[in-house]
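Numbering (this note's numbering), first residue to last: 2 to 532.
Below is one structure, written out as structure tokens; comments come after it.
The following block contains the structure:
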């Protein structure tokens, strides 16, 4: 139940607070005063969009708050609309929420019937959903959805298979040519990098071998360097003996001579443990094959290796394609068979549900002033979700008078008749649900008068015993049923226009009912009778 509604800086409403009660709550006022906008604020609060120009001029944001008393406890919902950005924020029990969350909550909070609801009533899809509420086995709809989803999945996989096979078949010759070129060379992952590194090592080794040979040539020329150093060392011995200052030089030459002997021995040794195995010509020939393959295929080596995997996969796919076709065809037939079985049950259940639904609607309409001869039928037409399968979908047919052929509801029902149809559906659907949301009726009495108005009032009163009703009306007979009565009025103050909302006391109710009844003595007299 909606206990409290507060609206700040929304359109012409600067600040309004309405505290509702159980039963019937009525909102009345002159045309254009802003009654419907109160309910529109509730729609905004529970997920509907609203443009930023609805923020009162000069204000930063509009705010709508509501307190709902639910079986699981009180729920406070607040939504703000920014004048600058047009974006809104939703808070549920002071925690930031989302539109998806509030839309999930909405069916348990409010049911809004209006002229928009009448238009929805004329939609065959909506009519079918209402009938489905009467299905004895609700699982049939889920089974149908699952079976259809599985069939769609298999058909999509089969279409994707055919599309891919078509494209690859036209490229098969190119794919086989490319694979042949790659197989000639048979490159391995990382092979080119390894060969480039080996090529460099072999070149370095060749250069080092040449340098070793040249160094030995220098050491062992026409006059070996070791012999020269030995002779020099002997001479330095004599010089150092005569001139002690040269002793250090003699020792240095002697040390160098021993180093040269050691170097000669090391150069003569063959460093076999450091020799790189490989033939430089063979390596360069292999690298040339890679280069020629890259030019021919116009791809890098990494791309060629990836291409090889893709080609192998695609050609394998083409080779196995026929088996996949048969597998998917079998799966599609099985999925279609399952869907056909579910639709057979669903169609029979829908026909039975439609019969019970139509009888219930007729009972409700008879209580709303329609002739006892008025009939409602559901006309089913087959829809083909898959070749050879039929799903029955229906629309409401209206037979207001005996002897007339059934006609679609949208062709013959007047605004007043649609209002009562909508009220009948709301009464039936809320009766099927454990949740008891607040019912919002925006001029459900349009086009209704006389005795029918009394029947409408009785139906609203019966609904109000079960759940809260918020009603916008221009009829004093309906307004008099309210437990709480709110007056919506437009005022101009200091050059600004405001929509004011206030709860009426007993005298205020009498005055407003008098106005609604036409005013004057006659209006006051009628108001007195109604109260």
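The beta carbon of each residue, even a glycine, is placed where N, CA and C say it ideally should be.
Under the DSSP assignment, residue 499 falls in the beta strand (DSSP E) whose first and last residues are 497 to 504.
Counting every other CB atom within 10 Å of its CB across the protein chains shown gives residue 26 a total of 16 or more, marking it as buried. For residue 73, there is no enclosing beta strand (DSSP E), as DSSP marks it with neither H nor E. With contacts defined as CB atoms closer than 7 Å, residue 365 and residue 425 qualify as a contacting pair. In this structure, DSSP gives residue 259 a helical state, which the three-state scheme calls helix. Taking 7 Å as the cut-off, the beta carbon of residue 268 is found no closer than this to the beta carbon of residue 234.
With a threshold of 16 other beta carbon atoms within 10 Å, residue 65 meets it and is buried. By the beta-carbon neighbour count (other beta carbons within 10 angstroms, threshold 16), residue 51 is buried. Each of 177, 439 and 477 was checked against the Cα of residue 107, and the nearest Cα belongs to 439.
Counted as a single uninterrupted DSSP element, the beta strand (DSSP E) harbouring residue 380 occupies residues 376 to 387.
Closest in alpha carbon position to residue 303, among 385, 352 and 192, is 192. Three or more beta-carbon pairs separated by less than 8 Å link the stretch 503 to 517 to the stretch 15 to 29, which places the two stretches in contact. Straight-line spacing of the CA atoms in residue 219 and residue 230 works out to 14 Å. With contacts defined as CB atoms closer than 7 Å, residue 45 and residue 3 fail to qualify as a contacting pair. Here the alpha carbon of residue 185 sits roughly 56 Å from the alpha carbon of residue 225.
Contact between residue 458 and residue 488 is ruled out by a C-beta separation of about 20 Å, above the 8 Å threshold.
Of the residues 280, 464 and 334, the one whose Cα lies closest to the Cα of residue 482 is 464.
The Cβ atoms of residue 8 and residue 500 lie no closer than 7 Å to each other.
Membership of residue 292 in the alpha helix (DSSP H) is indicated by the continuous run 281 to 298. In the assembly as shown, residue 243 is an exposed residue. Its beta-carbon has fewer than 16 other beta-carbons within 10 Å.
With respect to residue 145, residue 445 sits apart: the two C-beta atoms are not nearer than 7 Å. If you check the CB distance, residue 213 and residue 279 do not come in under 7 Å. Rounded to whole angstroms, the Cβ separation of residue 423 and residue 122 is 6 Å, and the two are in contact under 8 Å.
Residue 56 counts as buried, since at least 16 other C-beta atoms from the protein chains shown sit within 10 angstroms of its C-beta. By the Cβ test, the stretch 345 to 363 is in contact with the stretch 132 to 142, since at least three Cβ pairs between them sit closer than 8 Å. The beta-carbon distance between residue 486 and residue 513, rounded to whole angstroms, is 7 Å. This is short enough to meet the 8 Å contact definition. For residue 42, the CB contacts under 7 Å within the same chain, skipping 5 residues up- and downstream, are 8, 11 and 65 in chain order. For residue 409, the CB contacts under 7 Å within the same chain, skipping 5 residues up- and downstream, are 396 and 398 in chain order. Under DSSP, the beta-bridge partners assigned to residue 111 are 439. Beta-bridge partners assigned by DSSP to residue 244: none are found.
Between residue 373 and residue 359, the gap from beta carbon to beta carbon reaches 7 Å or more. Cβ contact annotation for residue 385 (same chain, cutoff 7 Å, sequence separation greater than five): 391, in chain order. In the three-state reduction of the DSSP assignment, residue 405 falls in the coil class.
Residue environment for residue 474: buried (at least 16 other C-beta atoms within 10 angstroms of its C-beta).
Residues of the same chain with a CB within less than 7 Å of the CB of residue 190, apart from the 5 flanking positions on each side, are 306 in chain order. For residue 90, the enclosing beta strand (DSSP E) stretches over residues 89 to 93.
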